[in-house]
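In our numbering, the protein residues as written are 1120 to 1516.
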């Protein structure tokens, strides 16, 4: 398994009900307390996903921390059997997004900080980081959203006496359940990957794929990267219709009866592609880190985040923040060849024009040559953009 890059260390702290594992990098030499930068991973990733940006950020003078978030990796529930993987029937309530925000706030305090210069969230982590910035602008001084656009708290019906009951803006985050029937009615029938990720079969399929976990993850990371030809044409979708969604790759809009291992198996990279392309940013030694960790833990912890998104009762508490904007400086940073930018039509506009009150045009960035895994595929460019944003915001801590 890959060792951590020089300059990155790991430790675990008791944080709420968790033994929270995280990676960190500090300036060398250290002179007092440095401004804190927090990096939150997505699915199926770990703190390790930030390995190639942490040290350059630390060398610029920041204390950089990347946790394995709840349900992932080496972060465990205190007092629980650490050898028992999370099960589908376990309690979903700890995975509520408000509780994930609490985990993050508690980590900041456990580290001895009362402010964070920048919080960065990738994929599902962008939603946690977005709620952190939305709910605690006193603590999180700037926000970077990567891949999955953050559209704020669930909306409430507005001016219902003047407008029809269907006129208020839908919760764009919950696009998948709105489309289940329409996708199933297509010929051939399809399903949204979020719907698949909420099923009991998903964890079993992914944890024990027919091709083996190493080959599965190699194929999955490849198929969502800029190396895969199907991502070269990533573009905005014209409508919020099943027909428009079905033009995206099958890792987002899946054949109705297919598992995710079956979807990616059709696009398994050849040894030549792995050696000439994939290994540039994800060598086998790094991939082995993910394989080892997910072999041990399974995927249900991360999949539970998707289940929460699709469970209205577990999101109702967020409605009290309906209409609230992120008032701190915000940046969007993703790969140009990432369909995740576009998978929820209207989300980008809502994020830029409504949810984030201070996202300048120069801070909407799509990195050419990167797909979904922008911080792994193009770590140098990501680091440069993050440092520019930090200099621009010039947060006084």
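All residues carry an ideal CB built from backbone N, CA and C; glycine is no exception.
So if DSSP puts residue i in a beta bridge, which residue, or which two residues, is it bridged to?
i: residue 1143; result: 1128 and 1184
i: residue 1133; result: 1138
i: residue 1483; result: 1451
i: residue 1373; result: 1310
i: residue 1117; result: Absent from the model: residue 1117. The displayed extent of the chain is 1120 to 1516, so no value can be given.
i: residue 1238; result: 1157 and 1262
i: residue 1195; result: 1138
Any idea if residue i is buried or exposed, counting beta-carbon neighbours within 10 angstroms, 16 or more meaning buried?
i: residue 1521; result: Shown here, the chain extends from 1120 to 1516; a query on residue 1521 therefore has no answer.
i: residue 1496; result: buried
i: residue 1228; result: exposed
i: residue 1226; result: buried
i: residue 1279; result: exposed
i: residue 1300; result: exposed
i: residue 1446; result: exposed
i: residue 1479; result: exposed
i: residue 1242; result: buried
i: residue 1304; result: exposed
i: residue 1275; result: exposed
i: residue 1439; result: exposed
i: residue 1210; result: exposed
i: residue 1366; result: exposed
i: residue 1199; result: exposed
i: residue 1389; result: exposed
i: residue 1309; result: buried
i: residue 1502; result: buried
i: residue 1431; result: exposed
Who are the Cβ neighbours of residue i in its own chain at under 7 Å, not counting the five residues just before and after it?
i: residue 1179; result: 1506
i: residue 1334; result: 1387
i: residue 1345; result: 1454, 1456, 1488, 1489, 1490 and 1496
i: residue 1516; result: Residue placement at residue 1516 is poorly supported in this model, since its pLDDT is 46, which falls under 50; the coordinates still yield a value, given next. Contacts found: 1154, 1234 and 1236.
i: residue 1134; result: 1222, 1225, 1226 and 1229
i: residue 1145; result: 1153, 1177 and 1182
i: residue 1273; result: 1290, 1434, 1437, 1438 and 1441
i: residue 1410; result: 1332, 1333 and 1336
Candidates the options: which alpha carbon is nearest residue i's?
i: residue 1471; options: 1395, 1434, 1268 and 1390; result: 1268
i: residue 1260; options: 1193, 1345, 1232 and 1490; result: 1232
i: residue 1356; options: 1408, 1338, 1459 and 1335; result: 1459
i: residue 1383; options: 1339, 1145, 1422 and 1482; result: 1339
i: residue 1441; options: 1253, 1313 and 1422; result: 1253
i: residue 1147; options: 1274, 1348, 1406 and 1181; result: 1181
i: residue 1160; options: 1420, 1239, 1200 and 1139; result: 1239
i: residue 1246; options: 1502, 1475, 1336 and 1484; result: 1475
i: residue 1183; options: 1167, 1463 and 1190; result: 1167
i: residue 1172; options: 1444, 1197, 1211 and 1126; result: 1126
i: residue 1352; options: 1149, 1368 and 1467; result: 1368
i: residue 1082; options: 1461, 1513, 1220 and 1406; result: The displayed coordinates of the chain run from 1120 to 1516. Any statement about residue 1082 would go beyond what the structure contains.
i: residue 1336; options: 1379, 1374, 1313 and 1365; result: 1379
i: residue 1406; options: 1244, 1332 and 1314; result: 1332
i: residue 1342; options: 1376, 1359, 1354 and 1385; result: 1385
i: residue 1401; options: 1494, 1132 and 1128; result: 1494
i: residue 1311; options: 1297, 1492 and 1128; result: 1297
i: residue 1319; options: 1165, 1418, 1132 and 1473; result: 1418
i: residue 1185; options: 1150, 1244 and 1208; result: 1244
i: residue 1091; options: 1473, 1347 and 1465; result: The chain is shown from 1120 up to 1516; residue 1091 falls before or after that span and cannot be answered.
i: residue 1360; options: 1463, 1512, 1404 and 1139; result: 1463
For residue i, which residues in the same chain have their Cβ closer than 8 Å to its Cβ, ignoring the five residues on either side in sequence?
i: residue 1224; result: 1251, 1255 and 1258
i: residue 1263; result: 1237, 1238, 1239, 1240, 1248, 1449, 1450, 1451, 1452, 1505 and 1508
i: residue 1137; result: 1189, 1194, 1195, 1196, 1197 and 1222
i: residue 1284; result: Bear in mind that the predicted position of residue 1284 carries a pLDDT of just 46, short of 50, making it unreliable; the figure below should be weighed with that in mind. 1276.
i: residue 1128; result: 1142, 1143 and 1144
Among the residues of its own chain, which have a CB less than 6 Å from the CB of residue i, if the five just before and after it don't count?
i: residue 1170; result: 1124
i: residue 1286; result: With a pLDDT of only 42 at residue 1286, under the threshold of 50, the placement of this residue in the model should not be trusted; the figure read from the coordinates follows. Nothing meets the Cβ criterion.
i: residue 1175; result: 1502
Check whether the Cβ of residue i sits closer than 7 Å to any heavy atom of the ligand HEM, and report yes or no.
i: residue 1399; result: Of ligands this structure carries none, so the ligand HEM is not represented either.
Determine whether the Cβ of residue i lies closer than 8 Å to any Cβ atom of chain B.
i: residue 1428; result: Here there is only one protein chain, and chain B is not present.
Meets three-Cβ-pair contact criterion under 8 Å: the stretch 1410-1419 and the stretch 1318-1337
yes
Quick test of the definition: if touching needs 3 or more C-beta pairs under 8 Å, does the stretch 1393-1403 touch the stretch 1150-1164?
no
Any 3 or more C-beta pairs closer than 8 Å across the stretch 1437-1455 and the stretch 1196-1207:
no
Spell out a yes or no on whether the stretch 1206-1218 and the stretch 1417-1433 are touching, meaning 3 or more CB-CB pairs, one atom from each, closer than 8 Å.
yes
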